[in-house]
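Chemist:
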Amino acid sequence: MATSPNDLLFDWLTVMSPTCVLNTGPAQPPALRRYSEDRQVNVACAATTAEIAGIDSHPEAAIISDTVERLPFLAGQALLAAPRNLLIPNVLATIDHNQSPEWDFNHLIALGFRRLEIFTDPNRALAVYAYSITDYNPKRAWNNAENWANPEMFGKYWW
């Protein structure tokens with residue numbers, strides 16, 4: 000369990016070990032700087048969905064921090080969905096729920112994120128959400144033709 004958002008971000012980056020990271024936010028997080036000191040990491044910066052769509056490299060991870068709270072709700076949704084639409088496999092987003100009460104847990108779950116942790120202090124309630132294409136829609140054992148109606152007839156008759 001991480002003690003701060005930066006520790007969580009550094010641990011997440013260490014596990015994902017990307018060589019190219021998209022940073023969407025007003026500044027580069029300290030954990031990203033610390034991570035890129037020891038490794039050869041290309042950091043692409045973008046502030047809007049248009050800038051995200053225009054990046055030349057193909058990032059393996061995206062960090063969205065201190066941005067969604069300052070945008071209107073629909074623009075924030077578009078910003079959170081933009082890295083997924085570009086097939087960036089791992090996205091980490093931080094949202095201060097005290098600054099933006101319209102963003103609740105259900106909105107982020109609907110976008111495919113899962114909550115990793117919440118960091119609270121008297122001034123803020125910072126929630127950290129992650130999206131991973133590998134965890135997003137796992138293959139279910141029951142969701143195949145063998146488990147539908149009349150499974151005993153599967154493979155016997157073709158009509």
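Using numbering that gives the first Met the number 0, the letters of the sequence shown map in sequence onto residues 0 to 158.
Just so it is clear, CB atoms sit at the ideal spot from N, CA and C, and this is done for glycine as well.
Because the structure is a prediction, the values reported are computed rather than measured.
Compare the Cα-Cα distances from residue 76 to each of 121, 56, 63 and report the closest residue.
Modeler: The residue with the shortest Cα to Cα distance from residue 76 is 63.
Chemist: What is the DSSP secondary structure of residue 72, counted as helix, strand or coil?
Modeler: Residue 72: helix per DSSP, three-state reduction.
Chemist: Which runs of the alpha helix (DSSP H) spanning at least 4 residues fall entirely within the region 47-123, listed in chain order?
Modeler: Runs found: 48-52, 72-84, 104-109.
Chemist: At what residues does the alpha helix (DSSP H) containing residue 43 begin and finish?
Modeler: Not the alpha helix (DSSP H): residue 43 falls in the beta strand (DSSP E), residues 41-44.
Chemist: Would the region 84-92 and the region 8-25 be scored as touching if the rule is three or more Cβ pairs under 8 Å?
Modeler: Result yes; three or more Cβ-Cβ pairs closer than 8 Å.
Chemist: Which value, in whole angstroms, describes the spacing of the CA atoms of residue 3 and residue 53?
Modeler: Going from the Cα of residue 3 to the Cα of residue 53 covers about 32 Å.
Chemist: Can you tell me whether residue 132 is buried or exposed? The criterion is at least 16 other CB atoms within 10 Å of its CB, across all chains shown.
Modeler: Burial call: exposed.
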